[in-house]
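Undergrad: Starting off with a structure, shown below.
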Amino acid sequence: MRWKALAGIVTVLAWLAPAAPAAAADPAEIGLEAACRLAQPVTYPDLRPLLDADVAAMTDVEVRVTVNQVLAASKDRYVGVTQRAQEALDGTHDIREFLGSRAQVVWNTDLRVLTSQVMSAGGAHVKAAANKVLDDGGIDALLGFVNDGQHDARALDYRDLVTEAKRTGGPEVVKAAVAALTGTFEDLRVFLCSGWREAYDKDQAAASPSASASASATPSASASASASASAAPSSSPAQSTSPGPQLPITGTNTTTLVLVAGVLIALGAAGIVIARRVRA
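Throughout the sequence shown, residue numbering follows mature numbering (1 follows the signal peptide of the UniProt record, and there is no 0), covering -24 to -1, 1 to 256 in sequence.
Written out as C-alpha cells, the structure is:
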C-alpha cells in the first residue's frame, strides 16, 4: 500500500506544480525599414465622372477625347486601366466598348489589386480594414480605403508598435516612445524608422559593463504586414533586419520549477523501488 500512497503523492504534486512559462516566440518587431521608406500618400482619382458618360450619344471624336482623359488620369495609378485605354486608342480593342463597360470592370480590378497589396504588407489593423473593404467590393469602399482608410489603419498599427517598444524598452526608449505617442503620425513613423534605434543605443551605452555583456546579443526584427507596419503600394516596403526589444525568455519561477521537478523525480523513483520490494 505504501507504493500506492507514494504514487498518489507524486500525482498530486504533479498537478499542483506550476506550468513552466512559455518562451517568447519572437522578439518584438520594432525596427521597421518600411517606415523609413514610406513615401508621401498617393491620391487615386475617381474615374466615374469620365466613365459614366453616355457613350451612345457621343461622337467618335468625343469618345476618343474621353478615353485620352481616362488614360491621363490613370497613369502611375491604375495599371490595368492605363493598359486597356492605350489598347483602345491604338485600335486593339473597340474604343466604345472600352468606355461603355470594360473600363469600369478593369478599374474595379485595379482597386482590388491595390487593396490586396496594402493588406499583404500591412499590420493587423490594415489587414482587418482591407478585408472588410474587399468583402464589400464597391467602388466607394475600395476608393475610400486606398485614399484614406489605409492611412488611418496604418497609424493604429504604428501606435501598437511604438507602445510595444515603450513596454519593453529602457529609459531612453520609453522617453522617445512617449514623445512619439503624444505626437503626430509622422512622429510615430520617425520613431520606428530611426528614433527607437538611437534611444536603444543610448540605453545600451548607459548600462553597466555587466549588464551590457548580458545584453550583448542584439535582438532582431523584421518588417511584416506587419505589424508590422504597412506600406502603401507606392512606398516599396522592404524586409528589415533592424533590431527590436527582446521579450523575456523565461519567467521568474524558474528555480522553483527546477526544485519541484527534482522532488517529483525523487519521489517517483522511490515509489518504483518500494513497489518492487512489496511485489517481491
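Every residue, glycine too, gets a C-beta built ideally from N, C-alpha and C.
#1: State the Cα-Cα distance for the pair A64 and I115, rounded to the nearest angstrom.
#2: For V234, is the classification buried or exposed, using 16 other Cβ atoms within 10 angstroms of its Cβ as the cut-off for buried?
#3: Given a cut-off of 7 Å, decide if A49 and P21 are closer than it, judged by their beta-carbon atoms.
#4: Rounded to the nearest angstrom, what separates residue 294 and V150 at their Cα positions?
#5: Are the stretch 66 to 76 and the stretch 96 to 111 touching, with three or more C-beta to C-beta distances below 8 Å?
#6: Give the range of the alpha helix (DSSP H) segment to which A64 is assigned.
#7: Between which two residues does the alpha helix (DSSP H) containing T42 stretch?
#8: Since residue 257 and A152 should fall inside the 8 Å C-beta cutoff, what is the C-beta to C-beta distance between them, to a whole number of angstroms?
#9: Are the stretch 128 to 143 and the stretch 23 to 32 touching by the rule of at least three beta carbon pairs closer than 8 Å?
#10: Does the Cβ of V41 have 16 or more other Cβ atoms within 10 Å, making it buried, or fewer, making it exposed?
#11: What's the C-alpha gap between V55 and T85?
#12: In terms of residues, what are the limits of the alpha helix (DSSP H) holding Q126?
#13: Once you ignore the five residues that flank R88 on each side, which residues in its own chain have a CB closer than 7 Å to its CB?
#14: Assuming N84 is part of the alpha helix (DSSP H), what are its boundary residues?
#15: Please go through the same chain and pick out, in chain order, the residues whose beta-carbon is closer than 8 Å to the beta-carbon of Q80, but skip the five residues on each side of it.
TA: So, from the data block:
#1: As a working note, residue 64 is residue 88 in the sequence shown. As a working note, residue 115 is residue 139 in the sequence shown. Whole-angstrom Cα-Cα distance: 23 Å.
#2: The residue labelled residue 234 in the question sits at position 258 within the sequence shown. Its pLDDT being 42, under 50, V234 is placed unreliably by the model, and the measurement read from it follows with that caveat. Classification for V234: exposed.
#3: Numbered from 1 along the sequence shown, position 45 holds the residue referred to as residue 21. Numbered from 1 along the sequence shown, position 73 holds the residue referred to as residue 49. In contact: P21 and A49 (Cβ atoms closer than 7 Å).
#4: Past the edges of the chain, shown from -24 to 256, lies residue 294, and the structure says nothing about it.
#5: no
#6: Reading the sequence shown from its first residue, position 88 is the one you call residue 64. Unbroken alpha helix (DSSP H) run through A64: V55 to D66.
#7: Here residue 42 refers to the residue found at position 66 when the sequence shown is read from its first residue. Unbroken alpha helix (DSSP H) run through T42: D36 to S50.
#8: The displayed coordinates of the chain run from -24 to 256. Any statement about residue 257 would go beyond what the structure contains.
#9: no
#10: Sequence index remark: in the sequence shown, residue 41 carries index 65 (1-based). So V41 counts as exposed.
#11: Reading the sequence shown from its first residue, position 79 is the one you call residue 55. Reading the sequence shown from its first residue, position 109 is the one you call residue 85. If I take the Cα positions, the gap works out to 10 Å.
#12: Working through the sequence shown from its first residue, we reach residue 126 at position 150. Per DSSP, Q126 belongs to the alpha helix (DSSP H) from Q126 to T144.
#13: For the purposes of this step, residue 88 is taken as residue 112 along the sequence shown, with counting starting at 1. Closer than 7 Å at the Cβ level, and outside the excluded window around R88, lie L110 and L118.
#14: Numbered from 1 along the sequence shown, position 108 holds the residue referred to as residue 84. N84 -> alpha helix (DSSP H) spans A79 to A97.
#15: Here residue 80 corresponds to residue number 104 of the sequence shown, with the count starting at 1. The answer, listed in chain order, is L27.
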